[in-house]
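Read top to bottom, the protein sequences are chains U and D. Counting from 1 along the first sequence, just add 220 to a position and that's the residue number in the working numbering. Counting from 1 along the second sequence, just add 1 to a position and that's the residue number in the working numbering.
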Amino acid sequence: MTVALLNIDWQTLADATGLGGIYALMAVGIGLVFGVLRLVNFAYGQLIMAGAYALAFASERGWPVSIGIVLCFAVVLTLSLLMDRLVFRPLRGQTPAVMLVTTFAVAFLLQSIALLWFGPLGKIASSLATLNQPVTISGVDIRKIAIVATAVAAFCLLVLVLLLERTRVGLHMRAAAMDFSTAELLGVRAGRVISAAVLVSGVLAAIVAVMLTVQNPLVTPDFALRDTILVLAGVVLGGMNRLVSATLGGFAIGFASGLLGGALPTNQSQYLPSFLFAAVILVLLVRPGGLFTREGQQAVERV
Amino acid sequence: MRRLDASLQLLAPLALVALASLVGTLVSTSTETYVINALVNVAIVVALYVFIGNSGVVSFGHISFVAVGAWAAGVLSMPVQEKPAIMPHLFGLLGDHTIGNVWSLALAAAVGAAYALVVGLPLMRLSGLAAGIATFGVLEITHNVLRYWEKIGPGLNTFSAVPETTGLREAALGAGLAVVVAFAYRRLRFGRLLSATREDSAAARAVGVSVYRQRLVAFVLSGAIAGFAGGLLVHMLPVNTESVYLDLTFITLAMLVIGGATSLWGAVVGALAVSGVDSFLAEAENGIHLFGRSVDLPAGTRIVVVGALMALVLILRPTGLTGGREFSVRLARPRRLLTKFAR
Chain U
221 MTVALLNIDW QTLADATGLG GIYALMAVGI GLVFGVLRLV NFAYGQLIMA
271 GAYALAFASE RGWPVSIGIV LCFAVVLTLS LLMDRLVFRP LRGQTPAVML
321 VTTFAVAFLL QSIALLWFGP LGKIASSLAT LNQPVTISGV DIRKIAIVAT
371 AVAAFCLLVL VLLLERTRVG LHMRAAAMDF STAELLGVRA GRVISAAVLV
421 SGVLAAIVAV MLTVQNPLVT PDFALRDTIL VLAGVVLGGM NRLVSATLGG
471 FAIGFASGLL GGALPTNQSQ YLPSFLFAAV ILVLLVRPGG LFTREGQQAV
521 ERV
Chain D
2 MRRLDASLQL LAPLALVALA SLVGTLVSTS TETYVINALV NVAIVVALYV
52 FIGNSGVVSF GHISFVAVGA WAAGVLSMPV QEKPAIMPHL FGLLGDHTIG
102 NVWSLALAAA VGAAYALVVG LPLMRLSGLA AGIATFGVLE ITHNVLRYWE
152 KIGPGLNTFS AVPETTGLRE AALGAGLAVV VAFAYRRLRF GRLLSATRED
202 SAAARAVGVS VYRQRLVAFV LSGAIAGFAG GLLVHMLPVN TESVYLDLTF
252 ITLAMLVIGG ATSLWGAVVG ALAVSGVDSF LAEAENGIHL FGRSVDLPAG
302 TRIVVVGALM ALVLILRPTG LTGGREFSVR LARPRRLLTK FAR
């Protein structure tokens with residue numbers, strides 16, 4: 221049972237879909253904050269890293285999985301709110317260049333704090349490792365986590381769509397993403413909308429932390445760093461200006477990464493990052509506003 | 002007075018470089034290493050300044066030019082008989098030739114410039130976020146290829162056996178050269194046009210400035226300086242792919258931003274100040290005696306402190322320590338408009 225092209229089997233396809241789902245959630249987390257603050261959060265991966273350390277902390281002490289997950293959410297949400305208060309808020313109104321460089325600095329800061337605190341060797345978060353075992357569906361082995369990741373991502377995206385389309389705070393978030401100052405004039409409370417976006421993005425980071433530790437139980441200070449860089453590339457590739465296009469971009473790069481990683485022979489798969497980033501650069505050159513944005517919708521500088 | 006101002010803008014950074022070198026001659030050999038490192042950092046940060054400072058576009062990719070410069074100089078200046086041990090899979094041409102150290106630096110600059118041209122021709126059309134991500138992509142690709150392509154370098158190995166010729170004098174001359182080139186560029190038509198595009202892109206376009214062309218010129222020039230600095234680096238200490246990757250990108254960007262990205266003075270001040278703090282902390286991680294007390298910081302403190310410093314400066318004073326201004330003797334200057342890099 222193989223898809224003829226490029227010797228991709230169903231296992232690879234399922235893994236790639238799962239990875240695409242996880243990356244799509246990260247893309248939403250980055251995109252939501254970008255929507256209201258116009259700020260690209262380079263340090264998003266370090267939120268996930270903190271969550272992963274929380275899971276490792278719980279699993280090392282033999283605590284039940286549920287407590288580990290609660291701890292993970294608590295740590296990530298606290299850190300997101302702190303980041304908003306201490307970093308994002310003072311940066312409001314700065315140029316994109318300054319914001320990008322600052323969150324880059326925060327990312328390095330958090331990573332080196334983790335290095336200082338937990339050491340370079342890494343800790344094991346093994347409580348959910350059973351999800352790595354395969355299930356057999358009509359003669360094909362598929363790892364459970366691929367199915368779980370896909371399902372969780374689909375569910376989260378559905379909830380998000382409902383939140384954005386059907387609730388007042390969702391409406392406010394969409395309005396703020398379109399034009400922040402006009403939304404404020406019309407009575408949208410800036411602080412509340414930003415906090416909501418930061419919180420939702422934190423929840424997503426915690427969910428991603430849980431799923432990434434299943435795939436890669438060894439938690440090191442640079443946990444999720446590579447993923448974040450890829451997702452950032454995917455988000456810009458898809459188009460930052462709309463949440464949908466950012467999400468699609470995140471999914472696309474995760475899917476492509478999973479597919480190529482599984483399909484390429486080892487002596488070529490070491491060049492996987494080169495292939496991916498070359499593709500990203502190529503797309504950016506052809507469509508600098510994003511792959512999934514509509515024509516004529518690209519951001520133009522107004523004088 | 003204007004001429005005095007202009008010459009001070011060159012002389013002040015040069016004097017600072019000279020002062021740092023002077024300190025280097027007075028201290029012990031182990032401390033001298035830190036000074037040499039700081040001077041090489043000055044060259045790298047000045048390269049960043051030429052592009053980022055003048056254009057206002059963030060590039061995460063400049064360490065790629067440092068890397069290719071280091072690779073070019075390292076591969077070609079290693080003695081032929083040493084090459085098979087460290088780089089067994091080298092292309093024949095690269096394996097059979099060795100060039101002098103000065104030539105290897107010139108080559109490093111040329112390779113850096115050529116690579117920047119190849120990369121810049123397509124990428125300089127982008128700006129803002131897309132440019133940031135694309136230059137990051139360049140860094141990833143460069144790191145990935147240098148790491149695994151063993152026909153052009155040592156791959157995963159470390160560049161040992163490269164003649165260690167970057168001493169205090171060479172590093173000081175190199176940093177000084179970078180400062181002079183950056184100053185000349187800034188004073189020329191090119192530099193002025195590029196900073197005009199940074200301040201007001203639309204107005205610059207309206208008077209006929211090609212943003213693309215001006216950015217490309219700066220990108221290639223800063224690629225050349227970065228490649229040259231890479232040559233200095235590989236002659237200073239054994240380099241591998243990890244030493245010219247994310248950490249160096251972070252620390253040099255931090256230096257530029259902490260000093261003040263929009264001025265040459267800021268670049269030099271930032272590079273030397275952060276290098277100073279960083280070296281001190283590196284010593285403290287090994288344990289030092291300070292005011293009669295023994296201080297022993299845990300490994301990793303350096304990046305925490307530098308990261309915190311960078312974040313603090315960006316949040317509290319986004320124009321950097323120097324305010325992004327060139328050196329001036331007049332204390333009370335008329336307030337200039339804040340530049341667009343950090344409004």
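Cβ coordinates follow ideal geometry from the N, Cα and C atoms, glycine included. The model shown is predicted, which means the values in this text are computed figures rather than measured ones.
- Contact between the region 255-263 of chain D and the region 70-88 of chain D is absent, with fewer than three C-beta pairs closer than 8 Å.
- A contact is defined here as three or more CB-CB pairs under 8 Å, and the region 243-255 of chain U fails this definition with respect to the region 315-333 of chain U.
- Shown here, residue 94/D sits in a helix according to DSSP, grouped into three states.
- Per DSSP, residue 85/D is one residue of the alpha helix (DSSP H) stretching across 84-87.
- Neighbours of residue 299/U in chain D, taken as residues at a C-beta separation under 7 Å, are lacking, since the least C-beta distance is about 15 Å.
- With a 10 Å radius around the Cβ and a threshold of 16 neighbouring Cβ atoms, residue 84/D comes out buried.
- With contacts defined as CB atoms closer than 8 Å, residue 312/D and residue 383/U fail to qualify as a contacting pair.
- Legend: CB atoms of the region 242-274 of chain D lying less than 7 Å from CB atoms of chain U belong to residues 251, 254, 255 and 258.
- Beta-bridge annotation (DSSP): residue 343/U is paired with 439/U.
- The C-beta distance from residue 287/U to residue 432/U rounds to 19 Å, too long to meet the 8 Å contact threshold.
- Chain D has a Cβ within less than 8 Å of the Cβ of residue 497/U.
- Taken through DSSP and simplified to helix, strand or coil, residue 323/D comes out as coil.
- A contact between stretches requires three or more CB pairs, one per stretch, nearer than 8 Å, and the region 421-432 of chain U fails this requirement with the region 100-115 of chain D.
- Among the CB atoms of chain D, none fall inside 8 Å of the CB of residue 303/U.
- Cα atoms of residue 197/D and residue 188/D: separation of roughly 13 Å, rounded to the nearest angstrom.
- Within the model, the alpha-carbon separation for residue 467/U versus residue 61/D is close to 24 Å.
- Not flagged as an interface residue toward chain U: residue 100/D, since no C-beta distance is shorter than 8 Å.
- Straight through space, the alpha carbons of residue 263/U and residue 442/U are spaced by roughly 11 Å.
- A straight line joining the alpha-carbon of residue 306/D with that of residue 279/D spans about 8 Å.
- For residue 355/U, the uninterrupted beta strand (DSSP E) segment begins and ends at 354-357.
- Residue 319/D sits buried, since 16 or more C-beta atoms from the chains shown fall within 10 Å of its C-beta.
- In the DSSP secondary-structure assignment, residue 363/U is bridged to 354/U.
- Here residue 416/U really is in contact with residue 393/U; their C-beta atoms are around 6 Å apart, less than 8 Å.
- One Cα belongs to residue 420/U, the other to residue 237/U, and the distance between them is close to 23 Å.
- Under a criterion of Cβ atoms nearer than 8 Å, no residue of chain U is adjacent to residue 231/D; the nearest Cβ is some 20 Å distant.
- Counting along the chain, residue 293/U sits inside the alpha helix (DSSP H) bounded by residues 285-303.
- Interface with chain D (8 Å Cβ-Cβ cutoff): residue 325/U is included.
- Across the region 244-268 of chain U, CB contacts with chain D closer than 8 Å involve 260, in sequence order along the chain.
- Neighbours of residue 393/U in chain D, taken as residues whose beta carbon is under 8 Å from its own, are absent, since the nearest beta carbon is some 20 Å off.
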